[in-house]
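Q:
Protein chains: 2
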Amino acid sequence: MRGEPAELYEAASHLVSSGGKRLRPHMVVESCRLLGGTKSGALAAAAAVEMVHNFTLVHDDIMDNDDVRHGVPTVHRRFGTPVAILAGDVLFSKAYGVLANSRRPPDRTVRLVRRLAGACADVCEGQMLDLRMAGSRGAPTPGEYVEMVGKKTAALFEAACAMGAVCAGGGSGDEARLASFGRNLGIAFQITDDLMGVAGDPGATKKPVGNDIREGKKSLPVLMALGAARGAARRAITRPFGNPGAKKEELEAAVEAVRGLGIEGAVRDTARGYARRAEAALRPYGNGEAKESLEALLGFVVKRGA
Amino acid sequence: MRGEPAELYEAASHLVSSGGKRLRPHMVVESCRLLGGTKSGALAAAAAVEMVHNFTLVHDDIMDNDDVRHGVPTVHRRFGTPVAILAGDVLFSKAYGVLANSRRPPDRTVRLVRRLAGACADVCEGQMLDLRMAGSRGAPTPGEYVEMVGKKTAALFEAACAMGAVCAGGGSGDEARLASFGRNLGIAFQITDDLMGVAGDPGATKKPVGNDIREGKKSLPVLMALGAARGAARRAITRPFGNPGAKKEELEAAVEAVRGLGIEGAVRDTARGYARRAEAALRPYGNGEAKESLEALLGFVVKRGA
Numbered sequence: 083m084r085g086e087p088a089e090l091y092e093a094a095s096h097l098v099s100s101g102g103k104r105l106r107p108h109m110v111v112e113s114c115r116l117l118g119g120t121k122s123g124a125l126a127a128a129a130a131v132e133m134v135h136n137f138t139l140v141h142d143d144i145m146d147n148d149d150v151r152h153g154v155p156t157v158h159r160r161f162g163t164p165v166a167i168l169a170g171d172v173l174f175s176k177a178y179g180v181l182a183n184s185r186r187p188p189d190r191t192v193r194l195v196r197r198l199a200g201a202c203a204d205v206c207e208g209q210m211l212d213l214r215m216a217g218s219r220g221a222p223t224p225g226e227y228v229e230m231v232g233k234k235t236a237a238l239f240e241a242a243c244a245m246g247a248v249c250a251g252g253g254s255g256d257e258a259r260l261a262s263f264g265r266n267l268g269i270a271f272q273i274t275d276d277l278m279g280v281a282g283d284p285g286a287t288k289k290p291v292g293n294d295i296r297e298g299k300k301s302l303p304v305l306m307a308l309g310a311a312r313g314a315a316r317r318a319i320t321r322p323f324g325n326p327g328a329k330k331e332e333l334e335a336a337v338e339a340v341r342g343l344g345i346e347g348a349v350r351d352t353a354r355g356y357a358r359r360a361e362a363a364l365r366p367y368g369n370g371e372a373k374e375s376l377e378a379l380l381g382f383v384v385k386r387g388a
Numbered sequence: 083m084r085g086e087p088a089e090l091y092e093a094a095s096h097l098v099s100s101g102g103k104r105l106r107p108h109m110v111v112e113s114c115r116l117l118g119g120t121k122s123g124a125l126a127a128a129a130a131v132e133m134v135h136n137f138t139l140v141h142d143d144i145m146d147n148d149d150v151r152h153g154v155p156t157v158h159r160r161f162g163t164p165v166a167i168l169a170g171d172v173l174f175s176k177a178y179g180v181l182a183n184s185r186r187p188p189d190r191t192v193r194l195v196r197r198l199a200g201a202c203a204d205v206c207e208g209q210m211l212d213l214r215m216a217g218s219r220g221a222p223t224p225g226e227y228v229e230m231v232g233k234k235t236a237a238l239f240e241a242a243c244a245m246g247a248v249c250a251g252g253g254s255g256d257e258a259r260l261a262s263f264g265r266n267l268g269i270a271f272q273i274t275d276d277l278m279g280v281a282g283d284p285g286a287t288k289k290p291v292g293n294d295i296r297e298g299k300k301s302l303p304v305l306m307a308l309g310a311a312r313g314a315a316r317r318a319i320t321r322p323f324g325n326p327g328a329k330k331e332e333l334e335a336a337v338e339a340v341r342g343l344g345i346e347g348a349v350r351d352t353a354r355g356y357a358r359r360a361e362a363a364l365r366p367y368g369n370g371e372a373k374e375s376l377e378a379l380l381g382f383v384v385k386r387g388a
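Protein sequences appear in the order of chains A and B. If you read the first sequence in my numbering, its first letter stands for residue 83, the second for the next number, and so on. If you read the second sequence in my numbering, its first letter stands for residue 83, the second for the next number, and so on.
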């Protein structure tokens, strides 16, 4: 992304150029292809979704006071908070510009904007729920956790797949099925991601050992571990929980304790339950490259770190 | 604006409910009526523009570290910076949602989204130019000042009027004329606003005396004053300029010095030049309530504080 002032667009492109998995644009394109559309017909929507994703990363890093992402300094660490706020805002603006300025029947563009705007509001609401969960003393219920994740993470996956369906000229039934695929995949993705944040191999996650325990993140695996732990195991988990100054040995002991509880299987079962619902949403569609690609993505998501 | 989590929507509505002139939604409605459209046909677009305006206020106040707006604490002072960032983001999201979810021919909605997204990107670029002007040692040229103001302020006025034209079903010629009206009115508005920030009556502006001098704002009237001032008058202006700890007497002396230079006439002439261009854009349209209302707005803008 280029433009003037150059510094603003450099800040806006900082995370995009530092890597990332590009899951969401891939989902827009494959959802479009599943319904007989072309990759080129989905590219503008794919770019818009990735820009929105990057906008949320830039602003979330400010709110969460995170210093590093994808192995590089976050935008506000590198450019300062005011420029980072603006960089997020300009990504947000350009995402809608890309949608409105690309050629397709106007009723489809309106459906795309509706989907994207709905997802953006959900992501804001989900981040607010996350901020308040982190700040409160009590533990959320698994249902509250899934509501938060459904908005903060899965809403944009949902929009990505629904938008792919719209780009292909799919009807409202197709749009709803692909939305269901994306939403359930998104929840499965986040649950697996959270499992890796608690008990994942630091070599694979590129995050410090026990990162989410130190940050006091009340994710599903943490809630399940705390629900199951007694005595010494419980103390090993609660001691470094939410303590920014926790020692490496304490965090290692907490990760050991979580692993010893055998909750990994139960967490992965929960993720697989959402993955099965995602798979079911694709059932009406014939086999082919795009369906294989979406199913492969689903397999990747639930097997990560296993 | 209501929704859950309640705190997020309370923060997002904080400035809206504390007042403000509502110039931009008024401009959407009157531009629509000028072309034979109805008020109700313009309301969704008017709401979207006002939400975007409020989003920019919330984020600008964070960047500029401002404590008070419309006589109440700014959103980040009242709710904290993370919630304020999110409140701005949710206003932004809902603005596009309102456009995409209201009923009108889809090609018009696409034109509205295109206009609003273009203005949003311009506003970000303008704010970035403003941040850099404030942070640099040198003085911008009047041309650089007008470029900044054209993006930071006038772009949304331009979009507001163009969007009103689109809501009325106007063609691209109408859209361009109303855009020109809004843009030129916006520049005239900001120049007059800046004049009041430097030498305005604190009773009328509701800002402390010499507010923009203390903040070191390099606005057109300041640039013109510094260009004209010599000797003691120059020292009186530069001493408190950009000094957050400047004393009230120093600021009063600076305001006196600015007034003594007689630049107010020249600044108002510049604003009136833009107002005349705005007026010319309306010339093809017949007289009537809406035209009178838009011309009255123009008169209000250039006469403010005089």
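Virtual Cβ for every residue (Gly too), placed ideally from N, Cα, C.
(1) How big is the Cα-Cα spacing for E332(A) and N136(B)?
(2) To the nearest angstrom, how far is it from the Cα of G368(A) to the Cα of G118(A)?
(3) Given 8 Å as the limit, is there contact between the segment 251-268 of chain B and the segment 345-365 of chain B, that is, 3 or more CB pairs closer than that?
(4) By a C-beta neighbour count over all protein chains shown, 10 Å radius and 16 as the cutoff for buried, is R115(B) buried or exposed?
(5) Taking the continuous alpha helix (DSSP H) assigned at N369(B), which residues delimit it?
(6) Any chance the segment 225-232 of chain B sits against the segment 241-248 of chain B, with 3 or more Cβ pairs inside 8 Å?
(7) Which complete alpha helix (DSSP H) runs does the segment 325-355 of chain B hold, if anything under 4 residues is left out?
(8) Please tell me whether A247(B) has its Cβ less than 7 Å away from any Cβ of chain A.
(9) Comparing alpha-carbon positions, which option in H158(B), D148(B), N147(B) lies nearest S95(B)?
(10) Per DSSP, V150(B) is paired with what?
(11) What distance in whole Å lies between the Cβ atoms of G324(A) and V111(A), which are believed to be in contact at a cut-off of 8 Å?
(12) Taking the alpha-carbon of K373(B) as reference, which of S113(B), G85(B), Y91(B), Y178(B) has the nearest alpha-carbon?
(13) Taking the runs of the alpha helix (DSSP H) that are 4 residues or longer, which of them lie wholly in the segment 149-223 of chain A?
(14) Of the residues V340(A), G342(A), K385(A), G327(A), which one's Cα is nearest the Cα of T352(A)?
(15) Tell me which residue opens and which closes the alpha helix (DSSP H) that P303(B) is part of.
(16) Would you mind stating whether R197(B) and A236(B) have Cβ atoms separated by less than 7 Å?
(17) Measure from the alpha carbon of P326(A) to the alpha carbon of each residue in H152(A), G85(A), G255(A), K299(A), then state which is nearest.
(18) Does the segment 248-258 of chain B come close enough to the segment 194-210 of chain A to have 3 or more Cβ pairs within less than 8 Å?
(19) Buried or exposed for F382(B), going by 16 or more other Cβ atoms inside 10 Å?
(20) Taking Cβ to Cβ, would you say V340(A) is nearer than 7 Å to V280(A)?
(21) Among M133(B), P155(B), V134(B), E132(B), which residue has its Cα nearest to the Cα of D143(B)?
(22) 7 Å is my cut-off, CB to CB: does R196(B) come that close to chain A?
(23) Does the segment 300-309 of chain A come within contact of the segment 102-110 of chain B, defined as at least 3 CB pairs closer than 8 Å?
(24) Assign K234(B) to one of three DSSP states: helix, strand, or coil.
(25) If we ignore side chains and look at the alpha-carbon of each, how far apart do A357(B) and A216(B) end up?
(26) Quick one: is K300(B) near chain A, going by C-beta distance under 7 Å?
(27) Between L238(A) and chain B, is the shortest Cβ-Cβ distance under 7 Å, so that the two count as touching?
(28) Please confirm if the segment 158-173 of chain A is in contact with the segment 124-131 of chain A, defined as three or more CB-CB distances below 8 Å between the two stretches.
(29) Expressed to the nearest angstrom, what Euclidean distance is found between the alpha-carbon atoms of I269(A) and M230(A)?
A: In this structure, then:
(1) 46 Å
(2) 11 Å
(3) yes
(4) By the neighbour-count criterion, in which a residue is buried when 16 or more other Cβ atoms sit within 10 angstroms of its Cβ, R115(B) is buried.
(5) N369(B) -> no alpha helix (DSSP H), and no H or E assigned at all.
(6) no
(7) 330-342
(8) False, the Cβ-Cβ gap to chain A never drops below 7 Å.
(9) H158(B)
(10) P155(B)
(11) About 40 Å separates the two Cβ atoms, so there is no contact after all.
(12) When each option's Cα is compared against that of K373(B), the closest is S113(B).
(13) You should have 157-161, 163-183, 188-217.
(14) K385(A)
(15) Annotation: the continuous alpha helix (DSSP H) that includes P303(B) extends over 302-310.
(16) no
(17) K299(A)
(18) no
(19) exposed
(20) yes
(21) P155(B)
(22) Taking a beta-carbon distance threshold of 7 Å, R196(B) counts as an interface residue toward chain A.
(23) no
(24) Collapsing the DSSP output to three states places K234(B) in a helix.
(25) 27 Å
(26) No - not a single Cβ of chain A is within 7 Å of the one on K300(B).
(27) no
(28) no
(29) I269(A) and M230(A): Cα-Cα distance of roughly 10 Å.
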